[in-house]
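Participant:
Below is the structure:
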């Protein structure tokens with residue numbers, strides 16, 4: 001029996017992995033330092049390191065470190081082992097620099113480079129035509145996104161006369177509404193492409209040709225760049241309320257449609273892909289509400305969640321007997337119990353995250369989402385007949401409270417660290433649009449809980465068809481597949 | 001056998017009998033064919049042994065239920081037996097197996113003529 | 001039934017014969033992807049596979065070159081085989097020629113793309129076993145009906161108006177779709193469409209034939225239904241139902257005019273001859289010392305392992321630790337049963353694919369151990385409630401957003417622990433397992449015969465005394481058992497791996513890809529039954545009163561052998577069991593150290609810890625080598641192979657020719673376990689020679705679909721066979737040597753000959769060179785006789801020779 005004929009030096013991958021973890025620890029140090037001293041650092045006009053930079057850097061280096069360590073075993077034996085690590089580490093550095101980039105040209109350049117590297121990783125398997133097609137598709141999407149970003153920043157530079165982000169942002173108030181809407185529109189579109197929001201989701205849902213660790217890093221790190229972009233240029237986007245409302249609507253569309261897509265997916269990776277589109281939609285919605293710190297908290301926590309689920313995507317195979325699908329009509333008492341639990345949960349959430357009970361703003365939507373989650377958790381627990389009723393009664397607060405506290409810690413930490421950053425804008429006031437979006441969330445929740453969707457083959461077909469990957473990226477003949 | 005007590009001589013009715021021998025893995029196909037053909041019933045013998053064109057076939061094997069032979073018997077009128085022949089002939093173009101059709105006689109005709117006509121379809 | 005419909009039905013059946021069967025991931029049975037072509041000679045079948053599936057049937061040049069350069073292909077054997085094939089060029093030149101020939105691209109089946117995509121989409125949606133929250137509507141009415149209900153709304157079909165007013169029944173719909181096709185072309189057309197998505201089609205073939213699958217019962221799919229939907233989809237896309245270039249006509253073109261036999265054939269034969277010659281020479285040297293009379297001293301304990309090639313290694317190391325005797329027996333222990341684990345409503349079929357299950361065995365809580373059961377139940381209920389909560393929140397349209405925020409931090413921590421500290425995690429898991437009692441400590445197996453009240457149409461519950469005695473007797477007769485030690489352990493096997501969709505491919509193949517523990521426990525309980533012992537005694541099998549039967553499970557990923565909760569033991573027995581436990585630990589250390597030599601990055605000194613890490617590590621794609629390397633199936637008493645290192649490449653079935661005058665035991669072994677061995681061998685063979693068409697590709701881009709299989713990347717055909725990481729050290733180097741199985745039987749040649757003669761299936765497999773057969777005849781001075789296709793036997797002219805000799809054959 002022979003051992004590997006591919007000569008793996010393992011040297012560079014090991015160095016990259018160590019370096020990534022060193023970067024991660026340095027970031028933690030810097031973050032602590034920043035929290036204590038509270039001063040930003042600059043490197044000429046190129047870089048500007050603030051709280052947002054450090055938070056994003058921490059997430060990127062942590063997820064990248066995990067992916068590096070994971071892939072050193074998982075990718076063992078791959079012909080593209082070294083190339084994979086070169087790209088992965090390169091991508092990590094690019095994203096790190098992007099979080100700190102201040103010079104507008106540098107920002108655009110890094111953005112484009114990030115897209116190019118990511119597309120290359122999607123097509124890591126050179127001999128597989130469908131992987132190459134997926135890479136091509138992503139590359140065009142990113143090229144388009146980079147062009148939109150370049151246009152936005154060119155207008156911004158032209159209008160403000162500044163060549164850095166930190167120089168331009170203080171002057172946006174002096175810009176005309178037309179210019180602001182134009183820049184914000186271009187920026188939002190670029191962010192939507194990067195975060196794979198509808199209608200720009202195609203590249204992401206066609207990207208499963210990427211090795212699992214690439215998907216983990218992509219869904220946990222790289223789609224987040226859209227959120228970073230909006231947060232970085234928050235003053236531009238937040239200046240015109242109508243733009244913010246549009247962002248809320250765009251985000252909500254992705255959140256609700258993609259979450260519905262997820263229901264009909266049968267393969268684990270596309271299911272996760274649809275979930276990412278939905279979660280990114282929600283994150284953008286949070287931006288549109290002016291809760292940029294909440295958006296950043298969301299993309300960090302979602303990153304952990306999604307990276308975990310991708311890395312463990314081989315674990316789903318379990319023996320299940322078929323069950324008839326049921327949707328239960330809950331009795332009144334249990335409805336009251338769960339309803340009260342949910343409202344209390346929402347109250348705790350508002351209190352923990354410092355939202356005003358007296359003067360509600362767009363944050364009501366965020367509370368609403370928490371209320372729905374707690375409501376659903378409580379309903380699920382109450383239906384779990386395997387547990388004793390005493391256990392069920394204590395289980396809900398026992399699970400929900402620590403989770404809320406954990407979230408509040410992250411959120412308040414981010415809010416504190418970015419308190420002086422330009423993204424700390426005031427949340428928009430509550431408007432009719434917010435009300436409609438909130439109502440949609442509740443309606444959809446009720447509709448699916450009551451089983452309204454069953455027996456609707458037309459809707460089912462529509463959801464399945466609109467969430468298909470690009471035709472050229474599907475391996476319809478096994479003889480076309482190639483492992484390396 | 002209970003309804004025969006009074007008549008000293010029974011009238012015999014002519015019918016057709018079909019015997020089919022196939023490999024164990026075709027049992028399902030043949031069984032479904034008989035079910036759909038409208039015959040009122042049939043008999044199955046499993047683990048049949050014998051020698052045929054492709055050599056000797058052992059009957060009962062302890063740890064292999066796929067390699068054994070299965071034999072079917074059915075009695076019905078000409079048209080239903082013909083339907084079975086039509087549905088089997090193409091199979092024997094590429095699978096080993098045999099069928100024999102012969103004239104036979106039965107006493108209780110009603111028992112052998114299925115109530116409904118031929119059926120087809122399924123999931 | 002109208003004539004054309006009944007004929008069409010037979011045409012579907014005929015066309016489907018070319019397909020193999022593919023099982024779902026939960027019971028991933030090893031099968032030959034070309035099983036449907038096994039009645040053809042091997043070379044013709046692989047040529048058909050080339051035409052039908054564009055699959056390669058012989059090792060590729062790189063694999064042959066590597067084997068040639070490392071000496072795994074012996075020069076003399078190669079010269080002999082090349083000569084036989086009339087090839088005169090030098091080996092190096094021939095390799096170069098093959099390389100050039102391989103570069104000529106095989107034309108692909110063009111134009112099928114949109115149709116394949118549409119069908120893969122609906123098939124995946126239909127067969128889904130609980131991955132989607134919202135399942136395909138109308139699936140309980142069957143595939144065709146469900147498809148008909150949704151296809152009307154499928155806006156990707158340009159001519160979907162053509163789908164209006166389709167017949168309700170699939171057979172009629174299929175006939176309608178074929179109305180423009182000549183009846184003479186039906187079979188060819190249907191075969192073309194089945195071969196278009198061979199992965200999905202072979203999955204349908206399995207499912208439509210399985211009588212016991214609960215999912216098939218709830219949502220039936222038939223080949224006819226699939227074809228009806230496919231052909232009408234073709235019409236709705238605007239594609240002809242019968243493509244102009246049906247492959248039967250196009251055969252000449254697709255084979256590139258290469259009508260001479262493939263150039264790789266002599267190389268494969270020489271590779272096989274090299275391995276076989278070494279193995280047979282070793283066995284011949286050992287044969288004179290074999291004593292089958294059974295007068296040796298009584299061993300302390302006897303352990304029965306599965307015939308699986310992995311058992312060979314641990315048996316050898318265990319035997320070195322003390323007075324133990326080991327046996328090889330099919331790992332389902334001869335019990336054709338379904339098993340229902342405690343607390344589950346799943347019926348697990350736990351016998352080989354060629355055997356129909358005939359009994360149901362349930363694991364039920366024992367009245368005397370209610371306390372332990374309650375502890376177990378509490379923890380399991382909590383775990384299940386947690387999982388259910390997570391799944392429900394993850395998939396909810398509105399709750400998912402809040403859930404992600406609330407749980408993200410925990411997922412981050414879990415990710416760090418699993419990636420950075422897999423070894424530590426393993427220790428924690430084990431501590432946890434000890435904390436929660438396992439079902440065998442508080443459950444009994446429902447052996448008592450009872451009517452299945454809950455499922456009147458299901459299999460009968462339990463075993464009658466007569467049936468128990470029958471299975472026990474079969475076991476001892478087949479293995480040629482001569483005397484009983486105080487402790488006898490039936491050892492099933494299972495694999496524990498993390499994050500591995502193919503875990504079941506590493507479990508016991510004889511138990512249909514499930515753990516072998518339940519069968520081992522059942523047989524042990526049967527043999528401890530006094531009524532059974534009385535019966536057996538009457539039939540000449542005397543089990544001493546001081547003999548106790550235990551069950552154990554060998555975890556192949558870590559080589560731990562864990563005894564199940566034993567019955568009451570005498571002091572003497574308890575002493576033996578204590579010593580055995582200790583010796584099993586030693587055997588484990590030595591086994592893992594031997595395995596460490598072929599696991600990349602592992603070192604013998606840390607072998608135990610390394611296998612533990614591999615078993616628990618979610619980043620590990622090669623937790624163990626499974627049955628990779630398998631190349632021989634030895635039917636002989638252990639005395640023939642004891643002390644020989646067979647490198648974990650041989651299935652070992654115990655057999656004593658002296659106790660089987662009529663050959664019934666040998667016949668059962670050769671028609672049962674040996675045939676299953678051939679299935680396994682062929683799965684490994686074809687997955688290695690063409691990992692894309694017959695294997696399932698690289699794990700790193702696999703995507704589990706519908707909880708039943710995997711597809712690659714964004715979807716398409718279902719991947720069957722084994723993943724690259726189960727077979728290859730890296731993308732380019734195979735670990736598994738793709739060799740066809742050699743059956744070696746230690747028995748009189750005449751007896752073997754008669755068995756082959758009267759079993760058509762066996763004869764076909766040997767005659768068509770799907771596997772080979774060699775007999776070492778103890779009645780003729782252990783002379784070696786090799787079966788030749790056609791039914792003759794070749795006997796080497798001289799005494800055992802070195803590998804330099806060519807193989808002169810002498811037909812009898």
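Protein chains in written order, with my numbering: chain Z, 1 to 484; chain Y, 1 to 123; chain D, 1 to 812.
Yeah, the Cβ is synthetic: ideal placement off N, Cα and C, and Gly gets one too.
Within 10 Å of its beta-carbon, does residue 370 (chain D) have 16 or more other beta-carbons around it, so buried, or fewer, so exposed?
Facilitator: Exposed, because fewer than 16 other Cβ atoms sit within 10 Å of the Cβ of residue 370 (chain D).
Participant: I'd like the span of the alpha helix (DSSP H) that includes residue 284 (chain D), first residue to last.
Facilitator: Per DSSP, residue 284 (chain D) belongs to the alpha helix (DSSP H) from 264 to 286.
Participant: Taking residue 727 (chain D) as the query, report the chain Z residues whose CB atoms sit under 7 Å from its CB, ordered along the chain.
Facilitator: Near residue 727 (chain D) there are no residues of chain Z at all, since even the closest Cβ is about 11 Å away, more than 7 Å.
Participant: Taking the alpha carbon of residue 449 (chain D) as the reference point, which residue from D:460, D:302, D:374 and D:35 has its own alpha carbon closest?
Facilitator: Among D:460, D:302, D:374 and D:35, the Cα nearest to that of residue 449 (chain D) is on D:460.
Participant: Quick one: which residues of the segment 687 to 701 of chain D get their C-beta closer than 8 Å to a C-beta of chain Z? List them in chain order.
Facilitator: Within the segment 687 to 701 of chain D, the qualifying residues are 691, 692, 693, 697, 698, 699, 700 and 701.
Participant: Could one say the Cβ of residue 446 (chain D) lies closer than 8 Å to chain Z's Cβ atoms, at least one of them?
Facilitator: With 8 Å as the cut-off, residue 446 (chain D) does not count as an interface residue toward chain Z.
Participant: Should residue 249 (chain D) be labelled buried (16 or more other beta-carbon atoms within 10 Å of its own) or exposed?
Facilitator: Note that residue 249 (chain D) scores a pLDDT of 41, beneath 50, so its modelled location is shaky and nothing firm can be said.
Participant: Does any residue of chain D have a CB that is nearer than 8 Å to the CB of residue 389 (chain Z)?
Facilitator: With 8 Å as the cut-off, residue 389 (chain Z) does not count as an interface residue toward chain D.
Participant: Once you ignore the five residues that flank residue 549 (chain D) on each side, which residues in its own chain have a CB closer than 6 Å to its CB?
Facilitator: 488, 524, 527 and 528, listed in sequence order.
Participant: Measuring alpha carbon to alpha carbon, tell me which residue in Z:388, Z:378, Z:82 and Z:379 is nearest residue 380 (chain D).
Facilitator: Of Z:388, Z:378, Z:82 and Z:379, the residue nearest in Cα terms is Z:388.
Participant: Pull up the distance between the alpha-carbon of residue 35 (chain Y) and that of residue 351 (chain D), whole angstroms please.
Facilitator: Looking at the two C-alpha atoms, the distance is approximately 29 Å.
Participant: Mark residue 533 (chain D) as exposed unless 16 or more other C-beta atoms lie within 10 angstroms of its C-beta, in which case mark it buried.
Facilitator: The residue is buried, with at least 16 neighbouring Cβ atoms inside 10 Å.
Participant: In whole angstroms, give me the CA-to-CA distance for residue 248 (chain Z) and residue 190 (chain Z).
Facilitator: One C-alpha to the other measures close to 16 Å.
Participant: Take residue 65 (chain Y) as the anchor and find which of D:468, D:356 and D:729 has the nearest alpha-carbon.
Facilitator: The shortest C-alpha separation from residue 65 (chain Y) is found at D:356.
Participant: If I measure Cβ to Cβ from residue 106 (chain Z) and keep anything under 7 Å in the same chain, skipping five residues before and after, which residues do I get?
Facilitator: Answer for residue 106 (chain Z): 46, listed in chain order.
Participant: Look at the alpha carbon of residue 272 (chain D) and the alpha carbon of residue 10 (chain D), and state the distance between them as a whole number of angstroms.
Facilitator: For residue 272 (chain D) and residue 10 (chain D), the distance between alpha carbons rounds to 39 Å.
Participant: Consider the Cβ of residue 198 (chain D): report whether some Cβ of chain Z lies at a distance smaller than 8 Å.
Facilitator: Answer yes: the Cβ-Cβ gap between residue 198 (chain D) and chain Z drops below 8 Å somewhere.
Participant: Determine the closest residue to residue 372 (chain D) out of D:328, D:441 and D:312, with distance taken between C-alpha atoms.
Facilitator: Closest option to residue 372 (chain D), Cα to Cα, is D:441.
Participant: What are the boundary residues of the beta strand (DSSP E) that includes residue 777 (chain D)?
Facilitator: 771 to 777 is the span of the beta strand (DSSP E), which, as asked, contains residue 777 (chain D).
Participant: CB residue 288 (chain Z) to CB residue 228 (chain Z), shorter than 8 Å?
Facilitator: Cβ atoms of residue 288 (chain Z) and residue 228 (chain Z): not closer than 8 Å.
Participant: In angstroms, rounded to a whole number, what distance separates the CA positions of residue 812 (chain D) and residue 311 (chain D)?
Facilitator: With a pLDDT of 37 at residue 812 (chain D), under the threshold of 50, the predicted position of this residue should be treated as unreliable, though the coordinate-derived value follows. Each residue's alpha carbon lies about 37 Å from the other.
Participant: What alpha helix (DSSP H) runs, 4 residues minimum, are completely inside the segment 665 to 734 of chain D?
Facilitator: Listed in chain order, they are 673 to 689.
Participant: Verify the CB distance criterion: does residue 822 (chain D) have a CB-CB separation below 8 Å to chain Y?
Facilitator: With chain D running from 1 to 812 in the structure shown, residue 822 (chain D) is simply not present.
Participant: Rounded to the nearest angstrom, what separates residue 200 (chain Z) and residue 60 (chain D) at their Cα positions?
Facilitator: About 42 Å.
Participant: What in chain D is Cβ-close to residue 267 (chain Z), meaning under 8 Å?
Facilitator: Result: 124, 131, 703, 704, 705, 706, 711 and 715.
Participant: In chain order, what residues of the same chain have a beta carbon less than 6 Å from the beta carbon of residue 814 (chain D), not counting five sequence neighbours either side?
Facilitator: Chain D is shown only over 1 to 812; residue 814 (chain D) falls outside these bounds and no answer can be derived.
Participant: Between the segment 38 to 53 of chain Z and chain D, which residues of the former have a C-beta closer than 8 Å to a C-beta of the latter?
Facilitator: Flagged: no residues at all.
Participant: Would you identify the three-state DSSP class for residue 251 (chain D), choosing helix, strand or coil?
Facilitator: Only weak support exists for where residue 251 (chain D) lies, its pLDDT of 48 falling under 50; the value from the coordinates is given anyway. Here residue 251 (chain D) sits in helix by DSSP.
Participant: If I follow the unbroken beta strand (DSSP E) through residue 784 (chain D), where does it start and stop?
Facilitator: From DSSP, the beta strand (DSSP E) with residue 784 (chain D) extends over 783 to 788.
Participant: Compute the Euclidean distance between the alpha carbons of residue 355 (chain Z) and residue 408 (chain Z), then round it to the nearest angstrom.
Facilitator: So the alpha carbons of these two residues sit roughly 11 Å apart.
Participant: What do you get for residue 73 (chain D), buried or exposed, if any count of 16 or more other CB atoms within 10 angstroms of its CB means buried?
Facilitator: Burial call: buried.
Participant: Note down, in chain order, all residues in the segment 136 to 158 of chain D with a beta-carbon under 9 Å from any beta-carbon belonging to chain Z.
Facilitator: Listed in sequence order: 136, 137, 138, 140, 146, 149, 150, 151, 152, 153, 154, 155 and 156.
Participant: Could you tell me whether any Cβ in chain Z is nearer than 8 Å to the Cβ of residue 248 (chain D)?
Facilitator: Summary for residue 248 (chain D): the model assigns pLDDT 49, below 50, so the residue's position carries little reliability; its value from the coordinates is reported in the next sentence. So, not an interface residue.
Participant: Would residue 376 (chain Z) and residue 306 (chain Z) qualify as a contact pair, given that the criterion is a beta-carbon distance under 8 Å?
Facilitator: Against a cut-off of 8 Å, the Cβ pair of residue 306 (chain Z) and residue 376 (chain Z) comes out as no contact.
Participant: Does residue 617 (chain D) come out as helix, strand or coil in the three-state DSSP assignment?
Facilitator: Correct three-state label for residue 617 (chain D): coil.
Participant: Which residues in chain D have a C-beta closer than 8 Å to the C-beta of residue 88 (chain Y)? List them in chain order.
Facilitator: Under the 8 Å cutoff, chain D gives 10.
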